[in-house]
DNA sequence: CTGAAAGCGCTAACAA
DNA sequence: TTGTTAGCGCTTTCAG
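Protein chains in written order, with this note's numbering: chain A, 85 to 425; chain B, 85 to 425.
The following block contains the structure:
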């Protein structure tokens, strides 16, 4: 055009005409608490995922619409639906939308579930390989440090992540003789619930401490660390503590937290790519993609800084092989249009 | 309509027809480094702002389009422009878009600058009151703890926040006899640059330590804390350390960091409200709104947990009085349309 | 190759 | 009240 002088095409008109909005929506959980009382994993997890998604999207010149939903909120389903009218596809965080509703949304618009349960049927899933990450961590505790009586700080029953991790732990423990889970506490992924877990543990076994506390995430591990420190119990001398996720503050805790790194940014990138592929080819089979985790050895497990290291514990491979080379440049539009249900 | 059975209107068509997209854009800085090497304040700052914005937007049923820009990136201006075609207004983080470009964007679409310099001319600004926050902090150090020789860890020269804070510090120091800034270091807001600051300070004044280190943000203060701890210098016994921002990890550091709380979420909310107002009434005068900060006393200043407290240091008041009651329900559309420059 | 015209799926103004 | 129609600002197709 002759007018390089500041003409900007109207996005809505372009979308309407092209029958494609070039916008995808990301649905993650709302921060419930006002400030720094970290309620759950979401805080640092989705923030990082977000950057991964945006980065990938940018390569395609698409935009990102973001929405926070309170977890069990019924009203929010309307918002989700109306959101689906503004985007070409949806990225939804695990556990935010109940399965049946998810199915209905997935009917209207391509959906990829982030950090979803590996047995999700109705939509694509991209998640970290929680199983092998947890397994490697517990194996490290047992085999390298000979910690054989374990206390487990679990996550909420509804969280598939927590379930995966628990299963892996139990499996590794079962595979090792003279090794057992001597107690457990069900937390809600918050630092505060970690503190409560430690207190509960101390109330029961103050004079008979387990060898290690295995937490379903870092936030709770940090809470455990704080409660233990208050109680005058030193880590890792008296007891080891490990987490999961590798959030930033875990590096700062005292002692630095041994944990499993989740590739959060990569999670966002892969989920986004998958969604873009599916928008291009709506008839792709739903698929689960598991991303490798990484063992992050710091000091809270009993290792010294010298022996610290990072190691990938999952081969980078999808649950099933990719169906084809990444198309990535999104093509087909022309779907029957909005009237569908 | 008769069809409650799953009909969802097409957003693009609605936008086109109503001449309003009911979408606003948020531009914040891209995380440069891959994972947890926190480059600058953005990491935890904008994540929190984001939630504030989304919350406010949700009340109106509008959506949020988010974009990350690398700071000095020239190419990104195109992205900004094309973004302006997809939204009704823009929220832009300070320092991301150079002033002249900002002016051009603000010509096309309403813009509010978040954490901007209080002397911004071309657009609305919503920012924390850095001046009084810093002043209160330094006054606390001097008057409560008698720390009179101060080392200043400054931020980048381009950051208005850092400048505001520095000015306030200098002013308070000048107002107190027998008090001086005995050295300074220019960091880049990262924890790592905080470590370098501490090392530089030690190299010079190892045997003649200042009474306190005043850092332009928490990340750098945490870096200082780490470097000091490595050097065997204890805080606050040998030297006090204070930060600014009140990011989460500051609570976890050893000792817990005394700092100034920025109302990040509120920042997002107010900025969003202001933008909505301005979309409703495009001819509003640009205005600066300063939000109150809060002194967060923990241990690194020399206070004991018992004496710890939080106190608001800025009255909740805009720089100038509000022009009128918040319209908030956005009305006017009908502007000349996209051809403008 | 350049230029006119027909939608895209809605909303709003208007006629019946 | 209810039903009809003219755009909204683009892209794309089809004539010229």
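Beta carbons: idealized from backbone N, C-alpha and C, even for Gly.
Closest residue to residue i among the options (Cα-Cα distance)
i, options, result
"residue 231 of chain B", "B:365, B:240, B:260 and B:163", "B:260"
"residue 346 of chain A", "A:383, A:323, A:305 and A:301", "A:301"
"residue 233 of chain B", "B:254, B:239 and B:146", "B:254"
"residue 291 of chain A", "A:351, A:226, A:322 and A:344", "A:322"
"residue 113 of chain B", "B:133, B:288 and B:104", "B:133"
"residue 189 of chain B", "A:91, A:115 and A:106", "A:91"
"residue 432 of chain B", "B:131, B:375 and B:136", "Residue 432 of chain B falls outside the range modelled here, since chain B spans only 85 to 425, and no answer is possible."
"residue 153 of chain B", "A:155, A:198, A:143 and A:153", "A:143"
"residue 298 of chain B", "B:341, B:365 and B:244", "B:341"
"residue 308 of chain A", "A:329, A:344 and A:285", "A:285"
"residue 312 of chain A", "A:282, A:331, A:377 and A:329", "A:282"
"residue 280 of chain B", "B:332, B:353 and B:303", "B:303"
"residue 333 of chain A", "A:136, A:129, A:95 and A:96", "A:129"
"residue 236 of chain A", "A:244, A:242 and A:252", "A:252"
"residue 146 of chain A", "A:387, A:192, A:95 and A:187", "A:95"
"residue 250 of chain B", "B:276, B:368, B:219 and B:273", "B:219"
"residue 227 of chain A", "A:296, A:337 and A:368", "A:296"
"residue 328 of chain B", "B:181, B:278, B:165 and B:103", "B:278"
"residue 276 of chain B", "A:379, A:268, A:336 and A:316", "A:336"
"residue 180 of chain A", "A:200, A:317 and A:191", "A:200"
"residue 349 of chain B", "A:388, A:115 and A:380", "A:115"
"residue 357 of chain B", "B:136, B:111 and B:318", "B:136"
"residue 266 of chain A", "A:247, A:288 and A:245", "A:288"
"residue 165 of chain A", "A:192, A:182 and A:141", "A:192"
"residue 293 of chain B", "B:271, B:316 and B:274", "B:316"
"residue 207 of chain B", "B:243, B:388, B:387 and B:367", "B:367"
"residue 159 of chain A", "A:182, A:97, A:353 and A:177", "A:182"
"residue 248 of chain A", "A:268, A:270, A:140 and A:217", "A:217"
Same chain, Cβ closer than 6 angstroms to residue i, neighbours up to 5 away in sequence not counted
i, result
"residue 167 of chain A", "109 and 151"
"residue 101 of chain A", "none"
"residue 99 of chain B", "105"
"residue 383 of chain B", "339 and 340"
"residue 331 of chain B", "128 and 302"
"residue 131 of chain A", "none"
"residue 363 of chain B", "172, 173, 194 and 414"
"residue 48 of chain B", "The question about residue 48 of chain B has no answer here: the residues shown for chain B are numbered 85 through 425."
"residue 239 of chain B", "246, 273 and 300"
Own chain partners of residue i with C-beta closer than 7 angstroms, once the 5 adjacent residues on each side are dropped
i, result
"residue 428 of chain A", "The structure shown does not extend to residue 428 of chain A, since chain A is modelled only from 85 to 425, so the question has no answer here."
"residue 359 of chain B", "108, 173, 175, 194 and 196"
"residue 138 of chain A", "148"
"residue 385 of chain A", "224, 225, 229, 320, 324, 326 and 342"
"residue 310 of chain B", "279"
Cross-strand partners of residue i (DSSP beta bridge)
i, result
"residue 236 of chain B", "B:268 and B:298"
"residue 208 of chain A", "A:196"
"residue 373 of chain B", "B:210"
"residue 228 of chain B", "Bridge partners of residue 228 of chain B: none, in fact."
"residue 325 of chain B", "B:297"
"residue 112 of chain A", "A:152"
"residue 177 of chain A", "A:198"
"residue 107 of chain A", "A:147"
Own chain residues within Cβ distance below 8 angstroms of residue i, not counting five before or after
i, result
"residue 205 of chain B", "370"
"residue 170 of chain B", "105, 107, 109 and 149"
"residue 264 of chain A", "232, 233, 234 and 257"
"residue 163 of chain A", "151 and 153"
"residue 262 of chain A", "232"
"residue 93 of chain B", "none"
"residue 178 of chain A", "197, 198, 199, 200, 201, 211, 243, 244 and 245"
Heavy atom of the ligand GTP within 7 angstroms of residue i beta-carbon
i, result
"residue 263 of chain A", "Inclusion of the ligand GTP in the displayed structure is not the case, the ligand content being empty and no account of it being possible."
What beta strand (DSSP E) runs, 3 residues minimum, are completely inside the stretch 343-368 of chain A?
343-345
Entirely within the stretch 125-174 of chain A and at least 3 residues each: give me those beta strand (DSSP E) ranges in chain order.
147-153
Which parts of the stretch 270-317 of chain A are runs of the alpha helix (DSSP H), unbroken and 4 residues or longer, counting only runs that do not cross its ends?
Qualifying alpha helix (DSSP H) stretches, in chain order: 275-289 and 302-314.
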